[in-house]
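Undergrad:
Protein chains: 2
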Amino acid sequence: MNSNKYRMIYQELSGKIISGEYQQHDQLPSENLLVKQYQVSRETVRKALSLLQTNGFIQKLKGKGSVVIYNESMNFPVSQLISFEEIKESLNMDYVTHVESFDKVHASDYPAVMTALKISGNTELFKVVRTRRKGETVNIIDTDYFLVELMPTLTKEIAEQSIYSYIENQLGLVISFSNKAITFEPMTTAELELFNGASPPYAATVRSIVHLSNAVAFQYNISKHRASEFKFVDFSRRPTIKK
Amino acid sequence: MNSNKYRMIYQELSGKIISGEYQQHDQLPSENLLVKQYQVSRETVRKALSLLQTNGFIQKLKGKGSVVIYNESMNFPVSQLISFEEIKESLNMDYVTHVESFDKVHASDYPAVMTALKISGNTELFKVVRTRRKGETVNIIDTDYFLVELMPTLTKEIAEQSIYSYIENQLGLVISFSNKAITFEPMTTAELELFNGASPPYAATVRSIVHLSNAVAFQYNISKHRASEFKFVDFSRRPTIKK
DNA sequence: GAGTGGTCTAGACCACTAA
DNA sequence: TAGTGGTCTAGACCACTCG
Chain A
47 MNSNKYRMIY QELSGKIISG EYQQHDQLPS ENLLVKQYQV SRETVRKALS LLQTNGFIQK
107 LKGKGSVVIY NESMNFPVSQ LISFEEIKES LNMDYVTHVE SFDKVHASDY PAVMTALKIS
167 GNTELFKVVR TRRKGETVNI IDTDYFLVEL MPTLTKEIAE QSIYSYIENQ LGLVISFSNK
227 AITFEPMTTA ELELFNGASP PYAATVRSIV HLSNAVAFQY NISKHRASEF KFVDFSRRPT
287 IKK
Chain B
47 MNSNKYRMIY QELSGKIISG EYQQHDQLPS ENLLVKQYQV SRETVRKALS LLQTNGFIQK
107 LKGKGSVVIY NESMNFPVSQ LISFEEIKES LNMDYVTHVE SFDKVHASDY PAVMTALKIS
167 GNTELFKVVR TRRKGETVNI IDTDYFLVEL MPTLTKEIAE QSIYSYIENQ LGLVISFSNK
227 AITFEPMTTA ELELFNGASP PYAATVRSIV HLSNAVAFQY NISKHRASEF KFVDFSRRPT
287 IKK
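Chains as they are written, first to last, in our numbering: chain A, 47 to 289; chain B, 47 to 289.
(1) Taking DSSP as the reference, what is the three-state secondary structure of ILE209(A)?
(2) With distances taken from CA atoms, which of LEU98(A), ALA205(A), ASN185(A), LYS110(A) is nearest TYR248(A)?
(3) What I want to know is whether the C-beta of SER269(B) ends up closer than 7 Å to one or more non-hydrogen atoms of the ligand GTP.
(4) At least one CB of chain B closer than 8 Å to the CB of ARG284(A): is that the case?
(5) Apart from the five residues just before and just after ASN225(A), which ones in its own chain have a Cβ nearer than 8 Å to its Cβ?
(6) Given that a residue counts as buried once 16 or more other Cβ atoms are within 10 Å of its Cβ, and exposed if not, what is VAL91(A)?
(7) Please confirm if SER224(A) has its CB atom under 8 Å from at least one CB of chain B.
(8) Hey, could you find the ends of the alpha helix (DSSP H) LEU217(B) is sitting in?
(9) For the beta strand (DSSP E) containing GLU146(B), name the first residue and the last one.
(10) Using the C-alpha atoms, what's the distance from SER136(B) back to VAL279(B)?
(11) In the DSSP assignment, find the alpha helix (DSSP H) that holds GLU89(B) and state where it starts and stops.
(12) Looking only at C-alpha atoms, which of ALA158(A), VAL86(A), THR201(A) sits nearest to LYS51(A)?
(13) So TYR266(A) and VAL159(A) are supposed to be a Cβ contact under 8 Å. How far apart are they, rounded?
(14) ASP290(B) touches chain A at which residues, Cβ-Cβ below 7 Å?
(15) Threshold first: 3 residues or longer. Then list the beta strand (DSSP E) segments lying entirely within the region 155-185 of chain A, N to C.
(16) So TYR248(A) contacts chain B; which residues on that side make the cut at Cβ distance below 8 Å?
(17) Going along chain A in order, which residues have a C-beta closer than 9 Å to the C-beta of GLN105(B)?
(18) Would you tell me roughly how many angstroms separate the C-alpha atoms of ARG178(A) and ASP188(A), rounded to the nearest one?
(19) Spatial neighbours of THR143(B) within its chain, please: C-beta separation below 7 Å, excluding the five flanking residues on both sides.
(20) Which residues mark the beginning and the end of the alpha helix (DSSP H) in which LEU238(A) is found?
(21) What residues of chain A sit near THR183(B), judged by a beta carbon separation below 7 Å?
(22) Closest to GLY181(B) by CA distance: which of PHE148(B), GLU58(B), MET139(B) is it?
(23) Can you give the Cα-Cα distance for PHE122(A) and THR251(B), rounded to whole angstroms?
(24) Express the C-alpha separation of THR234(B) and SER269(B) in angstroms, rounding to a whole number.
(25) In chain order, what residues of the same chain have a beta carbon less than 7 Å from the beta carbon of GLU58(B), not counting five sequence neighbours either side?
(26) So ALA205(B) contacts chain A; which residues on that side make the cut at Cβ distance below 8 Å?
(27) Are LEU95(B) and SER112(B) touching if we call contact CB-CB under 8 Å?
(28) Give me the Cβ distance between TYR116(A) and GLN70(A), rounded to the nearest whole Å; I'm assuming they're in contact under 8 Å.
(29) Could you pull out every residue in the same chain whose Cβ sits closer than 6 Å to the Cβ of ASN147(B), ignoring the five residues on either side in sequence?
(30) Buried or exposed: LYS82(B), going by 16 or more other Cβ atoms within 10 Å of its Cβ?
(31) Taking the beta strand (DSSP E) that ARG272(A) belongs to, which residues open and close that run?
(32) Since SER224(A) sits in a beta bridge, which residues does DSSP pair it with?
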């Protein structure tokens with residue numbers, strides 16, 4: 047699957063960084079060394095290193111080498127396009143997902159979704175509301191809208207597991223990128239009820255528009271988090287190109 | 047300054063997208079066409095297009111071409127390493143910065159900063175507290191800690207303008223990447239006072255560790271936002287490499 | 001089949017860092 | 001000066017899309 051040379055190199059090096067074989071502030075082997083080790087061209091090594099750099103694993107220093115900057119403690123629900131089930135898995139979290147409702151609706155009743163996904167009013171959508179509980183307390187309410195046309199066989203049972211796994215593994219679609227907005231908003235009475243009370247009565251709210259690799263927006267997600275439990279972590283680089 | 051070929055191409059294409067000459071869903075010229083237009087090699091064109099893709103301007107579709115996905119409305123204090131003055135400028139915001147305090151302190155009194163910047167207790171720091179006001183209301187309180195060693199000539203006057211501009215243009219240092227964490231926290235009484243009241247008494251809190259291009263952490267920033275005014279926007283891609 | 005983007009190569013020249 | 005990463009080239013072969 048990942049049989050590209052640069053992906054293999056990326057995987058091996060990132061794996062060694064995550065496992066701790068390379069620690070923060072360590073030097074990676076030089077590009078020339080990696081060329082010899084992997085028996086590939088320099089541009090291929092550089093492609094792998096560039097990926098490591100944009101993903102926050104290393105910093106390349108001209109004239110010096112590549113140094114590891116990844117630090118486990120600064121990790122977490124990272125600014126990445128990852129499904130809740132995937133986060134849960136990678137963090138060994140003891141969350142339980144419960145499907146509160148699963149309906150087929152018309153976009154015309156949800157103007158915000160219409161504009162976000164740029165669809166017409168008669169487009170059919172699956173509306174899925176799910177809660178994420180830790181023990182007895184609900185910490186997250188996820189409301190999702192999916193294009194029925196792209197996944198006509200979606201069911202409540204699938205929604206109880208991982209919809210992303212279904213989309214990628216069963217349907218063979220490729221999820222690619224998203225736009226997110228994070229705000230802090232008062233809870234509606236319905237939300238307060240689902241949360242079974244929350245102090246403060248405010249929710250950290252993440253709205254996302256998710257796109258496939260063919261650039262089609264297929265999902266609109268509203269994720270309401272109990273504010274006291276919310277943390278969003280991000281790695282970002284300063285734009286290298288200025289006017 | 048940006049005399050690289052791929053940067054020039056990036057600038058020109060991103061400029062045309064931002065200005066609206068290329069609209070969302072438009073096709074960019076094919077790689078081969080760009081090769082001819084710019085009289086460069088294909089890898090150089092591809093470098094520019096890759097940058098446009100990772101920065102959320104385009105999506106490349108195998109067998110088809112590059113399509114514009116950038117959409118102005120989904121813009122804003124984006125997940126990027128940008129200083130407040132730069133945001134202000136790019137959005138024509140009518141904010142006023144006021145320096146509340148400017149001190150030289152010892153790291154030992156700020157254990158959170160010590161661990162964040164990985165420095166020893168006797169390291170000298172500038173502690174700068176600034177408020178950002180729109181009219182009469184304070185919307186943001188920024189608390190910054192900078193390594194004195196790297197910028198001994200920092201002054202309160204500079205802090206009233208743009209510290210980032212001073213660091214890059216006066217000192218010639220290159221600001222490179224940062225780790226951020228966003229949380230929602232109750233305000234302290236001191237903060238409530240600076241905000242001159244805020245309902246709810248919660249602050250959207252962004253903590254960042256900012257690094258230079260040589261991977262040295264030089265700044266720790268705590269940015270408290272009036273929750274009702276806070277919005278954080280992010281573009282992210284799904285990791286292409288899986289285990 | 002023609003055109004598109006994706007991967008990879010071998011080699012060149014440059015700018016920067018460090019001893 | 002030797003070693004490092006940054007840019008650029010010309011060409012190859014592949015996989016995908018679409019008419």
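Here a beta-carbon is modelled for each residue, glycine too, at the ideal position from N, C-alpha and C.
TA: In short, the structure shows the following:
(1) Reduced to three states, the DSSP call for ILE209(A) is helix.
(2) For the residues LEU98(A), ALA205(A), ASN185(A), LYS110(A), the minimum Cα distance to TYR248(A) belongs to ASN185(A).
(3) The ligand GTP is absent from the structure shown, which contains no ligand whatsoever.
(4) Cβ-Cβ to chain B under 8 Å: yes for ARG284(A).
(5) Cβ neighbours of ASN225(A) beyond the five flanking positions: SER254, ILE255.
(6) Here VAL91(A) is buried. Its C-beta has 16 or more other C-beta atoms within 10 Å.
(7) Answer yes: the Cβ-Cβ gap between SER224(A) and chain B drops below 8 Å somewhere.
(8) No alpha helix (DSSP H) holds LEU217(B); DSSP gives it neither H nor E.
(9) Unbroken beta strand (DSSP E) run through GLU146(B): 142-152.
(10) Each residue's Cα considered, the two are about 15 Å apart.
(11) Residues 88-100.
(12) Measuring from the Cα of LYS51(A), the nearest candidate turns out to be VAL86(A).
(13) In this structure TYR266(A) is in contact with VAL159(A), their Cβ atoms being roughly 5 Å apart against a cut-off of 8 Å.
(14) Within the shown structure, residues of chain B are numbered from 47 to 289, placing residue 290(B) beyond reach of any answer.
(15) Secondary structure within the region 155-185 of chain A: the beta strand (DSSP E) runs of 3 or more consecutive residues, fully enclosed, are 170-180 (chain order).
(16) Those within 8 Å of TYR248(A) in chain B are PHE230, PRO246, TYR248, ALA273.
(17) Those are SER222, PHE223, HIS257, SER259, ASN260, ALA261, listed as they occur along chain A.
(18) If I take the Cα positions, the gap works out to 8 Å.
(19) Taken in chain order, the residues that qualify are ARG176, ARG178, GLU206.
(20) Element bounds for LEU238(A): 235-241.
(21) At a beta-carbon threshold of 7 Å, none of the residues of chain A lie near THR183(B); the nearest stands roughly 17 Å away.
(22) Comparing alpha carbon positions, the residue from PHE148(B), GLU58(B), MET139(B) closest to GLY181(B) is MET139(B).
(23) Confidence at PHE122(A) is low in this model, with a pLDDT of 49, below 50, so the placement of that residue is unreliable and no value is reported for it.
(24) Computed Cα separation, rounded: 14 Å.
(25) Excluding residues within five positions, none has a Cβ falling inside 7 Å.
(26) Here the premise fails: no neighbours, minimum Cβ distance about 20 Å.
(27) Contact annotation: LEU95(B) and SER112(B) have beta-carbon atoms nearer than 8 Å.
(28) Indeed they touch by this definition, with Cβ atoms about 6 Å apart.
(29) In the sequence as presented, Asn is not what sits at residue 147(B); that position holds Ser. So the list reads VAL175, once near-sequence residues are dropped.
(30) Exposed, since its Cβ has fewer than 16 Cβ neighbours within 10 Å.
(31) Counted as a single uninterrupted DSSP element, the beta strand (DSSP E) harbouring ARG272(A) occupies residues 263-272.
(32) In the DSSP output, where bridge partners are listed per residue, SER224(A) has VAL256(A), SER282(B).
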